[in-house]
Amino acid sequence: MSTATSLRDDAASPDLETQIAEAALFTRRHTIASIYRATSGHPGGALSCADILACLYGAEMNAWPATINDPGRDRFVLSKGHACPTLYAIGAWHGFCDKTDALTLRRLGSRFQGHPHVRDLPWVETSTGSLGQGFSVAVGMALGLKMQKLKPRVYTLLGDGEMQEGEVWEAAMCAAHHKLDNLCAIIDYNKMQSDALNEDICGIAPLADKWRAFGWTVFEIDGHNIPEILSTLHLAASTRERPSVLVAHTLKGKGVPYMEGSPAWHGSVKLSREQAETALAALGAEQDEIKELLDV
Amino acid sequence: MSDAPALIGSSGDSLREAFGKALVGLADEFPKMVVLDADVAGGTGVHHWRKAHPERLIQFGIAEQNMMAAAGGLAAVGMLPVVTGFACFLERAYEQARLSIGYAKRNAKIVASHPGLDVGPDGGSAQALEDIAAFRAIPGMTVISPADPIETAQATRAILEFEGPVYMRTGRSPAKRLFGDDHVFEIGKGQIIRHGIDVTLVACGVEVARALEAAELLAEDDINARVVNMPTIKPIDSDLLRRCAEETGCMVTAEDHNIFGGLGSAVAEAVTQNLPCPIEFVGLRDCFGTSGEPDELAEHFQITAPFIAAAARRAIARKEGLS
Numbered sequence: 023m024s025t026a027t028s029l030r031d032d033a034a035s036p037d038l039e040t041q042i043a044e045a046a047l048f049t050r051r052h053t054i055a056s057i058y059r060a061t062s063g064h065p066g067g068a069l070s071c072a073d074i075l076a077c078l079y080g081a082e083m084n085a086w087p088a089t090i091n092d093p094g095r096d097r098f099v100l101s102k103g104h105a106c107p108t109l110y111a112i113g114a115w116h117g118f119c120d121k122t123d124a125l126t127l128r129r130l131g132s133r134f135q136g137h138p139h140v141r142d143l144p145w146v147e148t149s150t151g152s153l154g155q156g157f158s159v160a161v162g163m164a165l166g167l168k169m170q171k172l173k174p175r176v177y178t179l180l181g182d183g184e185m186q187e188g189e190v191w192e193a194a195m196c197a198a199h200h201k202l203d204n205l206c207a208i209i210d211y212n213k214m215q216s217d218a219l220n221e222d223i224c225g226i227a228p229l230a231d232k233w234r235a236f237g238w239t240v241f242e243i244d245g246h247n248i249p250e251i252l253s254t255l256h257l258a259a260s261t262r263e264r265p266s267v268l269v270a271h272t273l274k275g276k277g278v279p280y281m282e283g284s285p286a287w288h289g290s291v292k293l294s295r296e297q298a299e300t301a302l303a304a305l306g307a308e309q310d311e312i313k314e315l316l317d318v
Numbered sequence: 015m016s017d018a019p020a021l022i023g024s025s026g027d028s029l030r031e032a033f034g035k036a037l038v039g040l041a042d043e044f045p046k047m048v049v050l051d052a053d054v055a056g057g058t059g060v061h062h063w064r065k066a067h068p069e070r071l072i073q074f075g076i077a078e079q080n081m082m083a084a085a086g087g088l089a090a091v092g093m094l095p096v097v098t099g100f101a102c103f104l105e106r107a108y109e110q111a112r113l114s115i116g117y118a119k120r121n122a123k124i125v126a127s128h129p130g131l132d133v134g135p136d137g138g139s140a141q142a143l144e145d146i147a148a149f150r151a152i153p154g155m156t157v158i159s160p161a162d163p164i165e166t167a168q169a170t171r172a173i174l175e176f177e178g179p180v181y182m183r184t185g186r187s188p189a190k191r192l193f194g195d196d197h198v199f200e201i202g203k204g205q206i207i208r209h210g211i212d213v214t215l216v217a218c219g220v221e222v223a224r225a226l227e228a229a230e231l232l233a234e235d236d237i238n239a240r241v242v243n244m245p246t247i248k249p250i251d252s253d254l255l256r257r258c259a260e261e262t263g264c265m266v267t268a269e270d271h272n273i274f275g276g277l278g279s280a281v282a283e284a285v286t287q288n289l290p291c292p293i294e295f296v297g298l299r300d301c302f303g304t305s306g307e308p309d310e311l312a313e314h315f316q317i318t319a320p321f322i323a324a325a326a327r328r329a330i331a332r333k334e335g336l337s
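Protein chains in written order, with my numbering: chain S, 23 to 318; chain D, 15 to 337.
Structure below.
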């Protein structure tokens, strides 16, 4: 966090925002390619969180490949582990892993499993894939850092369907009780889960009110508006005595028109060649880039 | 204070008390150790720690799933978390132990009091009779069930010195002292605590004392039973079991646990791969417990010394039938 302060001060800089937008676009293309190559995966909720992850890794967090063993690094936990293609892609963009390696998603022998595993990739910080657990692990990290009087912040991204896990509310109560102001949760609120709309499966609204009632400082933002994400993360970092949560309103499948707003693309789904090409074209990839991403 | 109710079993020579006191003694040696509680510190022996090191006790409230996964997070940032609770409620956090501790290979310790029938009057809902089987099935998880207060204190030190996830049972009831201060507990090692050549009785936890009693009963009929204390169920001491199979030709296992998946299964797995011999299993026969005092329950569910002795006679008969 200490070295990230200077970056935060630049948060409004158009250059930084452009870089982050570029990183987010890369992660979306990479995600489509890796899921196409894997012949299975979860594109909808991976695309909806690309801008958030791009902001975290591009500006907010003091976490770089060189700091991966530094106890003073900020931590990120992808509690909605099924969105890992986005994590792998943003990691690749920032040099935590190789861009081509990260395209081996979900294959035998690949370190890029279908959900992140810390013993394959230390920089993912913990193993996730069972909803609710990553959030608790992040709470444990925040507690442990505070007990050691260490300064890093802990960030964690949760899905909206994940709100249905009881463990989330155990952890929410615990974090508020222990005044974990070094913890920032972000909810990828795309309103959809595996089978249908949240509200049709088991309603989670009013979401912000629930978190307020649990003693958190709550920010509601547009999860695709990069300046807003950056400035809100910055604001959340100044919260004292309370954990903070960003309820980020997002669009499932964001960036790929035929996926947008459809729970059918939650996954696990297989992308046909045509679907992958259409998606990449919609994401602005040129023909040669498409070929490279899908074939090389 | 005189109006305060007496907390049943919070004093005395139980394994949980031995564990709680041992933790306090190890606080300076393990400065990163923190103890995690889900509002049962008074029952797990952790009240000693709470009194001595309140700043190193993390209270999670009645929320075991969050506590278990948070232990993974604490370990990830360099702390040495000791998750404590009642065995049946820690089972509730089994999946958290699997993913956030086992799969992530965290150096976290899970210590469960109130295992098996030892819980007594609280009844079947509270009696964890499947915890050893469940935790043993998590890859890389070490599983320990010490037999007396001295061994519990030694095991507490050993699991903190050991790098990796551990599940350890303590116990609620006053426990018989079986060992002196010269006892040496080592993870993965069993010990012959009574010599004999006709049959080997392998036991863990509260059943070790009962196995020793059973050996006395058998001695009355000139049956010379060997007794093995097997506090580490995983990794099991295969070398010792092979030696016992060779030297006594038959075995009985005894545990306060379902006969499926616990000590008996671990012994059978090792013995059948090395030197097969007849084995009889003493434990709960795939059923839940019920209310009653621990000793009454042990009698009711047939895990006391006379039943171990009867199983030994069956094992010997089977061995002789083979020869």
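From the three backbone atoms N, C-alpha and C, an ideal C-beta is built for every residue, glycine too.
Legend entry - Ranges of the beta strand (DSSP E) found wholly within the region 152-218 of chain S, counting only runs of at least 3: Taken in chain order, the complete beta strand (DSSP E) segments of 3 residues or longer contained in the region 152-218 of chain S are 176-181 and 205-211.
Legend entry - Per-residue contacts from D/E109 into chain S (C-beta, under 7 angstroms): Reading the second sequence from its first residue, position 95 is the one you call residue 109 of chain D. By Cβ distance, chain S contributes S152.
Inset, instruction - Under 7 angstroms between beta-carbons, which chain D residues line up against S/V140? List them in chain order, please. - result: Numbered from 1 along the first sequence, position 118 holds the residue referred to as residue 140 of chain S. By Cβ distance, chain D contributes A118.
Inset, instruction - Look at the alpha carbon of D/G275 and the alpha carbon of D/G194, and state the distance between them as a whole number of angstroms. - result: Working through the second sequence from its first residue, we reach residue 275 of chain D at position 261. Working through the second sequence from its first residue, we reach residue 194 of chain D at position 180. Their Cα atoms are separated by approximately 31 angstroms.
Inset, instruction - Taking only beta-carbon positions, decide if S/A218 is within less than 8 angstroms of chain D. - result: Here residue 218 of chain S refers to the residue found at position 196 of the first sequence. Judged by the 8 angstroms Cβ criterion, S/A218 is not in contact with chain D.
Legend entry - Nearest-angstrom Cα separation, counted from D/A122 out to D/I250: By 1-based counting over the second sequence, the position of residue 250 of chain D is 236. By 1-based counting over the second sequence, the position of residue 122 of chain D is 108. D/I250 and D/A122: Cα-Cα distance of roughly 20 angstroms.
Inset, instruction - In angstroms with no decimal places, state the Cα-to-Cα distance between D/A140 and D/A107. - result: On the second sequence, residue 140 of chain D is found 126 positions in, with the first residue counted as 1. On the second sequence, residue 107 of chain D is found 93 positions in, with the first residue counted as 1. If you draw a straight line from the Cα of D/A140 to the Cα of D/A107, it comes to about 15 angstroms.
Legend entry - Boundaries of the alpha helix (DSSP H) in which D/D253 is found, first to last residue: As a first step, residue 253 of chain D must be located in the second sequence, where it is residue number 239. First-last of the alpha helix (DSSP H) with D/D253: S252 to T262.
Legend entry - 6 angstroms Cβ shell around D/A32 - same chain, five flanking residues per side excluded: Within the second sequence, numbered from 1, the residue matching residue 32 of chain D stands at position 18. Cβ within range, chain order: P163, T166 and A167.
Inset, instruction - At 8 angstroms on the CB atoms, spell out the chain D contacts of S/S149, in chain order. - result: If you number the first sequence from 1, residue 149 of chain S lands on position 127. Chain D residues near S/S149: L113, S114, Y117 and A118.
Legend entry - Residue of S/N91, S/L47, S/F98 and S/I74 minimising C-alpha distance to S/G306: Locating residue 306 of chain S in the first sequence gives position 284, counting from the first residue. Sorting S/N91, S/L47, S/F98 and S/I74 by C-alpha distance to the C-alpha of S/G306 places S/L47 at the top.
Legend entry - Inter-stretch contact at 8 angstroms, needing at least 3 Cβ pairs: the region 222-232 of chain S / the region 37-55 of chain S: Too few Cβ pairs lie closer than 8 angstroms, so no.
Legend entry - Contact list for the region 125-145 of chain D against chain S, Cβ threshold 8 angstroms: For the region 125-145 of chain D, which is checked against every Cβ of chain S, not one residue is closer than 8 angstroms.
Legend entry - Option nearest D/A66 by Cα separation, candidates D/I146, D/I206, D/F176 and D/V38: Your numbering for residue 66 of chain D matches position 52 in the second sequence. Of the candidates D/I146, D/I206, D/F176 and D/V38, the one whose C-alpha sits nearest the C-alpha of D/A66 is D/V38.
Inset, instruction - Quick one: using the 10 Å Cβ neighbour count with 16 as the cut-off for buried, is D/E200 buried or exposed? - result: Position 186 of the second sequence, counted from the first residue, corresponds to residue 200 of chain D. Under this definition D/E200 is an exposed residue.
Legend entry - Backbone CA spacing between S/L293 and S/E314 [nearest angstrom]: On the first sequence, position 271 is the one that residue 293 of chain S refers to. On the first sequence, position 292 is the one that residue 314 of chain S refers to. The alpha-carbon separation between S/L293 and S/E314 amounts to approximately 17 angstroms.
Legend entry - Selection of the region 234-258 of chain D by Cβ proximity to chain S, strictly under 9 angstroms: Listed in sequence order: no entries.
Inset, instruction - Go ahead and pull the three-state DSSP assignment for D/F193. - result: Here residue 193 of chain D refers to the residue found at position 179 of the second sequence. The three-state secondary structure of D/F193, taken from DSSP, is coil.
Inset, instruction - On a CA-only basis, which of S/Y79, S/G166, S/D92 and S/I223 is nearest S/G117? Give me that one, please. - result: Here the question's residue 117 of chain S lines up with position 95 in the first sequence. The shortest C-alpha separation from S/G117 is found at S/Y79.
Inset, instruction - Might you give, ordered along the chain, the residues of its own chain that have their beta carbon closer than 6 angstroms to the beta carbon of S/A164, omitting 5 neighbours on each side? - result: Counted from its first residue, the first sequence places residue 164 of chain S at position 142. Only V176, L202, N204 and L205 meet the Cβ criterion.
Inset, instruction - Would you kindly work out how many angstroms separate the C-alpha atoms of S/L143 and S/C119, rounded to a whole number? - result: As a working note, residue 143 of chain S is residue 121 in the first sequence. As a working note, residue 119 of chain S is residue 97 in the first sequence. Going by the C-alpha atoms only, they are around 9 angstroms apart.
Inset, instruction - Note down, one range per segment and in chain order, each beta strand (DSSP E) of at least 3 residues found wholly within the region 233-299 of chain S. - result: Listed in chain order, the beta strand (DSSP E) runs fully inside the region 233-299 of chain S are 239-244 and 266-271, counting runs of at least 3 residues.
Legend entry - Straight-line gap, D/T184 to D/H128 (C-alpha atoms, nearest Å): Counting from one through the second sequence, the residue named residue 184 of chain D turns up at place 170. Counting from one through the second sequence, the residue named residue 128 of chain D turns up at place 114. Cα-Cα distance, rounded: 7 angstroms.
Inset, instruction - Run through the region 163-245 of chain D for me and flag every whole beta strand (DSSP E) of 3 or more residues, listed as ranges in chain order. - result: List check, beta strand (DSSP E) in window: 180-183, 205-208, 213-217 and 239-243.
Inset, instruction - Flag D/V91 as yes if its beta-carbon sits less than 8 angstroms from any beta-carbon of chain S, otherwise no. - result: Counting from one through the second sequence, the residue named residue 91 of chain D turns up at place 77. For D/V91, the answer is yes, since a Cβ of chain S falls inside 8 angstroms of its Cβ.
Inset, instruction - Using beta-carbon positions only, say whether S/D197 and S/P265 come within less than 8 angstroms of one another. - result: In the first sequence, counting from the first residue as 1, residue 197 of chain S sits at position 175. In the first sequence, counting from the first residue as 1, residue 265 of chain S sits at position 243. With the sequence shown as reference, residue 197 of chain S is identified as Ala, and Asp is not the correct amino acid for it. In terms of Cβ geometry, S/A197 and S/P265 form a close pair [threshold 8 angstroms].
Inset, instruction - Please classify D/M47: does DSSP put it in a helix, a strand, or coil? - result: Along the second sequence, read from residue 1 onward, the residue named residue 47 of chain D stands at position 33. Under the three-state reduction of DSSP output, D/M47 falls in the strand class.
Inset, instruction - Closer than 9 angstroms by beta-carbon distance: list the chain S residues that pair up with D/V48, in chain order. - result: Residue mapping note: residue 48 of chain D aligns to position 34 of the second sequence, counting from 1. Near D/V48 (Cβ distances below 9 angstroms), the residues of chain S are L165, G166 and M169.
Legend entry - Proximity to S/T178 [Cα-Cα], best of S/T61, S/E147 and S/Y280: Translated into positions along the first sequence, residue 178 of chain S becomes position 156. Out of S/T61, S/E147 and S/Y280, S/E147 has the C-alpha closest to the C-alpha of S/T178.
Legend entry - Assigned secondary structure, D/A326 (DSSP; H/G/I helix, E/B strand, else coil): Here residue 326 of chain D corresponds to residue number 312 of the second sequence, with the count starting at 1. Assignment of D/A326 by DSSP, reduced to helix, strand and coil, places it in the helix class.
Legend entry - Opening and closing residue of the alpha helix (DSSP H) in which S/I223 lies: The count along the first sequence starts at 1 and reaches residue 223 of chain S at position 201. Note, S/I223: alpha helix (DSSP H), N220 to C224.
Inset, instruction - Over the uninterrupted beta strand (DSSP E) stretch that includes D/I293, give me the two end residues. - result: Indexing the second sequence from 1 puts residue 293 of chain D at position 279. For D/I293, the uninterrupted beta strand (DSSP E) segment begins and ends at I293 to L298.
Inset, instruction - Could you pull the start and end residues of the beta strand (DSSP E) that D/A77 belongs to? - result: The residue given as residue 77 of chain D occupies position 63 in the second sequence. No beta strand (DSSP E) holds D/A77; DSSP gives it neither H nor E.
Inset, instruction - Output, in chain order, the set of chain D residues within a Cβ distance shorter than 7 angstroms of S/E184. - result: Looking up residue 184 of chain S in the first sequence gives position 162. By Cβ distance, chain D contributes nothing, its closest Cβ being about 13 angstroms from S/E184, past 7 angstroms.
Inset, instruction - Would you tell me roughly how many angstroms separate the C-alpha atoms of D/E261 and D/C291, rounded to the nearest one? - result: The sequence position of residue 261 of chain D within the second sequence is 247, counting from 1. The sequence position of residue 291 of chain D within the second sequence is 277, counting from 1. Looking at the two C-alpha atoms, the distance is approximately 11 angstroms.
Legend entry - Per-residue contacts from S/M214 into chain D (C-beta, under 8 angstroms): One-based indexing of the first sequence puts residue 214 of chain S at position 192. Near S/M214 there are no residues of chain D at all, since even the closest Cβ is about 25 angstroms away, more than 8 angstroms.
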